[in-house]
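Input: a single structure, listed below in structure tokens.
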Amino acid sequence: MRALQLLFLVAVSFQAIAQPELGPFDLVNTPYDEQSPVISPDGKYFFFTVSNHPQNMGAKRDPGDIWFSVYDHGRWTAPVHAGPVLNDRAFNAVAGFSEDGSQLFLLSHYDGTGNAARTQGISVSRNNGSGWSKPENISIPYFLNKSTQQGHLASNGSVFVFSAETYGTHGVEDIYVSVKDQEGKWSEPRNLGTKINTQFQELCPSLSPDGTRLYFSSNGRKGFGSFDIYVANRLDDTWINWSEPVNMGRNVNSEYRELYFKAYPSLGFDIYTSTKDSDGYGDFKMFKSENPPPPDTVAAIAQVALVTQDTVVKIVEQQIPVMEDKFIRIHGKITNAKSGEIVDAALVFEAPDTSMQTKTATGEYQVRVSSTGSYSIKIDAPGYVSDLEKLDVNTYEMKELEMNFKLQPIELGTTVTLKNVLFMQSKPELLPESYPELDLVVQFLKANPHLEIELSGHTDSRGSFRQLMTLSQQRVNKVKSYLVSKGISSRRIEGKGYGGSKPIASNDSEETRMLNRRVEFTIKKL
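The C-terminal residue of the sequence shown carries number 525 in numbering that gives the first Met the number 0, and the numbering is unbroken.
Now the structure itself:
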């Protein structure tokens, strides 16, 4: 009863805020990027992530550390760093609490020394009376995420929804779910399906307290601006049947970027982040739960895409009359694909009739280009494998577009998947769309003349072992021949076909078999 009274008082306090001189989050929001809000079950503590703060474990290059604030007299206090037990130099964030608040779930794996492991996942820290314990890793089978971890673990501790850039997504990041059974084992992540996921990017999923509603951000739907927040109802226990997602409307969304929506009906408010009128890159905002989202009457404007590594994206809209030239501001971050650390890089935007160059400052860049055109974007950074993207855009309404890139470091053992190197079905013949990415590999090898690589070809498990080994070897030979034809010494390239012997996903369905059909190169000598 005392806990319920406390929650009621907290809710009343938030609803009664009318102090123009100091809002509930004014002490929390900083010139840095605030992300991933989570409030403890008793309503006293507010955990969140701050990126690139000089007091983070990795200082200004740190992609995000966990901080917290305490509720006091109608507002949240100034944030305090959560310390080295929960934080390291990689990205750290809170996924949720257990119902009694004794367990804190984290959006990363940790090794035995408190540093984030290379493999991503989730972990749990326990309140031992004097603080939070060293995180314990939680194993989720076939878990793979090449993107920054974002997600929410339900208060019952048995459902984890998260966004991931992984093999087999419909576009860039998709939303997945993993469920824990009665024996405590987590299921293989399951894609929520095309009703939720688009060919663009879905981020920051969270569940309502009863688990029936899904909130998420997307730039792949007709919205007001960069990222909008949507809500959908779960129709059954399969986690793939959903109502049509509804835009939360202008009470929440704007022409800027809205992310990280979390519902707290017991407190009488919800939290999300927005770059509109923010102190920095993103600030916390409040949405009163009693205001339902309006009908889905969002204006039919351009779809937006957040582009990440090795992805070709088109941004299109309904036909509109030809207008005078307009411009779009493209901005984003460059990070290390393995550690998540900020990377300073040079970017070149090229179109048939123009070329623009820009450089990052503390890993962030921005450039202004025509809002109608086709661009190739090359990203170069010392010590990293160059990246090449293509972007077709045709929108007169969109004011800005976020494009984030992850670069692979040049070091022994680094493996790069050539996702756009494609072959004719069951044959070793290259498709024409493979050549731009292969040409980038040629440039990379010429820029690093002492570097040697191993090409590896992989298939799914369908067919005889001998046939699959032969096909994968033939495909590797074809790629090697192309590189040699462009002036690369054959002595610098080893090539081996592995058939279906090294799967990275299950071979039980076509969706997962597709993940296993790939060509990669690994740096063997520097």
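Idealized CB from N, CA, C, for every residue including glycine.
Spatially closest choice to residue i from the options, by CA coordinates
{"i": "residue 384", "options": "492, 335, 181, 134", "result": "335"}
{"i": "residue 124", "options": "161, 144, 93", "result": "93"}
{"i": "residue 165", "options": "219, 274, 504", "result": "504"}
{"i": "residue 444", "options": "350, 492, 463", "result": "492"}
{"i": "residue 261", "options": "255, 253, 273", "result": "273"}
{"i": "residue 232", "options": "244, 222, 226, 155", "result": "244"}
{"i": "residue 427", "options": "516, 44, 463", "result": "516"}
{"i": "residue 458", "options": "447, 425, 485, 431", "result": "425"}
{"i": "residue 101", "options": "64, 41, 464", "result": "41"}
{"i": "residue 222", "options": "483, 398, 375", "result": "398"}
{"i": "residue 374", "options": "198, 224, 353", "result": "353"}
{"i": "residue 447", "options": "82, 87, 88, 410", "result": "410"}
{"i": "residue 211", "options": "193, 218, 184, 242", "result": "242"}
Endpoints, the alpha helix (DSSP H) within which residue i is located
{"i": "residue 477", "result": "464 to 484"}
Contact check, residue i vs residue j, beta carbons under 9 Å
{"i": "residue 163", "j": "residue 95", "result": "no"}
{"i": "residue 347", "j": "residue 389", "result": "no"}
{"i": "residue 214", "j": "residue 220", "result": "no"}
{"i": "residue 365", "j": "residue 329", "result": "yes"}
{"i": "residue 106", "j": "residue 150", "result": "yes"}
{"i": "residue 494", "j": "residue 472", "result": "yes"}
{"i": "residue 191", "j": "residue 131", "result": "no"}
{"i": "residue 400", "j": "residue 327", "result": "yes"}
{"i": "residue 470", "j": "residue 460", "result": "no"}
{"i": "residue 251", "j": "residue 204", "result": "no"}
{"i": "residue 488", "j": "residue 475", "result": "no"}
{"i": "residue 403", "j": "residue 331", "result": "yes"}
{"i": "residue 413", "j": "residue 341", "result": "no"}
{"i": "residue 450", "j": "residue 525", "result": "yes"}
{"i": "residue 158", "j": "residue 206", "result": "yes"}
{"i": "residue 202", "j": "residue 172", "result": "yes"}
{"i": "residue 429", "j": "residue 481", "result": "yes"}
{"i": "residue 57", "j": "residue 97", "result": "no"}
{"i": "residue 345", "j": "residue 356", "result": "yes"}
{"i": "residue 441", "j": "residue 486", "result": "yes"}
{"i": "residue 520", "j": "residue 406", "result": "no"}
{"i": "residue 169", "j": "residue 197", "result": "yes"}
Continuous beta strand (DSSP E) stretch holding residue i: start and end
{"i": "residue 442", "result": "Where residue 442 is concerned, there is no enclosing beta strand (DSSP E), although the alpha helix (DSSP H) it sits in stretches over 434 to 446."}
{"i": "residue 140", "result": "It is not in any beta strand (DSSP E) - residue 140 carries neither H nor E in the DSSP assignment."}
{"i": "residue 348", "result": "345 to 350"}
{"i": "residue 37", "result": "32 to 38"}
{"i": "residue 332", "result": "326 to 335"}
{"i": "residue 71", "result": "64 to 71"}
{"i": "residue 258", "result": "257 to 263"}
{"i": "residue 217", "result": "212 to 217"}
{"i": "residue 414", "result": "414 to 416"}
{"i": "residue 94", "result": "93 to 96"}
{"i": "residue 368", "result": "363 to 369"}
{"i": "residue 180", "result": "Neither: residue 180 is in no beta strand (DSSP E) and is coded neither H nor E."}
{"i": "residue 284", "result": "282 to 287"}
{"i": "residue 125", "result": "121 to 125"}
{"i": "residue 83", "result": "Residue 83 -> no beta strand (DSSP E), and no H or E assigned at all."}
{"i": "residue 357", "result": "353 to 358"}
{"i": "residue 50", "result": "44 to 50"}
{"i": "residue 204", "result": "201 to 206"}
{"i": "residue 102", "result": "102 to 105"}
Sequence-distant residues of its chain with Cβ nearer than 6 Å to residue i (five each side left out)
{"i": "residue 80", "result": "54, 66"}
{"i": "residue 62", "result": "50, 90, 339"}
{"i": "residue 187", "result": "140, 141"}
{"i": "residue 502", "result": "515"}
{"i": "residue 68", "result": "27, 45, 75, 76, 78"}
{"i": "residue 240", "result": "234"}
{"i": "residue 280", "result": "32"}
CB-CB length for residue i against residue j, believed under 8 Å
{"i": "residue 282", "j": "residue 33", "result": "6 Å"}
{"i": "residue 137", "j": "residue 122", "result": "6 Å"}
{"i": "residue 36", "j": "residue 270", "result": "5 Å"}
{"i": "residue 26", "j": "residue 76", "result": "6 Å"}
{"i": "residue 59", "j": "residue 359", "result": "Between residue 359 and residue 59 the Cβ distance is about 13 Å, and since that is not below 8 Å, they are no contact."}
{"i": "residue 227", "j": "residue 216", "result": "7 Å"}
Own chain residues within Cβ distance below 7 Å of residue i, not counting five before or after
{"i": "residue 275", "result": "253, 255"}
{"i": "residue 420", "result": "433, 436, 437, 478, 518"}
{"i": "residue 372", "result": "350, 392"}
{"i": "residue 43", "result": "69, 70"}
8 Å Cβ shell around residue i - same chain, five flanking residues per side excluded
{"i": "residue 133", "result": "84, 109, 113, 124"}
{"i": "residue 463", "result": "none"}
{"i": "residue 380", "result": "333, 342, 343, 344, 345, 406"}
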